[in-house]
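Peer 1: In my numbering, the protein residues as written are 162 to 389. From the three backbone atoms N, C-alpha and C, an ideal C-beta is built for every residue, glycine too. Because the structure is a prediction, the values reported are computed rather than measured.
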Amino acid sequence: MTKILYLGHSAVMILNESGNIIIDPFFTNNPLNPMKVAACKAQYILVTHGHSDHLGDTIEIAKNNEAKVITNFEIATYLSKKGVKNLVPMNIGGTVYFENFSVKMVEAVHSSSIEDGNNIIYGGNPAGFVVKLADLTIYHAGDTALIANMEFIGGQNVIDIAFLPIGGTYTMDINDALMATKILHPKMVVPIHYNTWDAIKVDVIKFKEMVEKETRSSCIILNPGEAI
Ligand code: NI
Ligand code: MN
């Protein structure tokens, strides 16, 4: 059985038999992440967009583990200039296949840029991912507004677990994430991207109550370091 570990903010680690997968590995400066960068054993890194709370410690973790980094073309180009060797550049609508799982890059409505010292580099389009494992289909929405395309993502995939941002300000808030749950109809929704800082503080219990009252999905609140 696949085990999934939540590492705070948008960082989600999938413990997979042919290589661990980490999505948006934001460790340094993430007040909620309980794991040390050096302790992160991942063979695949998925990056939804270029903002520092998502790109995070990708370079160090990739180099430590000789991990493959799966991200958009622009971020992959940036990472190659930083000495990351194993890159899988892709774009929205594309699917890449690995030994026992696949990754589809799907639309997110947000922005994407990379801070590199004093320079701001164009980070391509932001994205979400649909990760299909043998026993589980996971949707990680990245940072996004509520988008009509979620209805299509939910129609095309039987989603077991949807990781949805609920913090508002930069992404969906709890009301829009409730609507997203209604159109994605995942078996389980796990809220992310909230309570890391004051600007994204929300009442997560209220979100859980709304989801379980108004949809057939269950809502699992994971504390950083907890796994399902
Ligand atoms: Ni962002
Ligand atoms: Mn973010």
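#1: Give the list of continuous alpha helix (DSSP H) stretches no shorter than 4 residues that lie fully inside the region 322–376.
#2: Less than 6 Å between C-beta atoms, sequence neighbours within five positions excluded: which residues of the same chain meet that for N318?
#3: Going by DSSP, what residues sit across from V230 in a beta bridge?
#4: Tell me where the alpha helix (DSSP H) around F259 begins and ends.
#5: When you compare the CB positions of G289 and G303, do they come within less than 9 Å of one another, or not?
#6: Spell out a yes or no on whether the region 369–389 and the region 335–342 are touching, meaning 3 or more CB-CB pairs, one atom from each, closer than 8 Å.
#7: Considering only the beta carbon of each residue, do N233 and H210 sit closer than 9 Å?
#8: Would you call G254 buried or exposed, if buried means 16 or more other Cβ atoms sit within 10 Å of its Cβ?
#9: Run the proximity test for P287: is its beta-carbon closer than 8 Å to any non-hydrogen atom belonging to ligand 1?
#10: In terms of residue numbering, what span does the alpha helix (DSSP H) encompassing S213 cover?
#11: Could you give the residue range of the alpha helix (DSSP H) that holds M311?
Peer 2: Per the coordinate set shown:
#1: 335–345, 365–375
#2: V291, T298
#3: I206, L248
#4: Counting along the chain, F259 falls outside any alpha helix (DSSP H), and DSSP gives it neither H nor E.
#5: yes
#6: yes
#7: yes
#8: exposed
#9: yes
#10: 213–216
#11: 310–317
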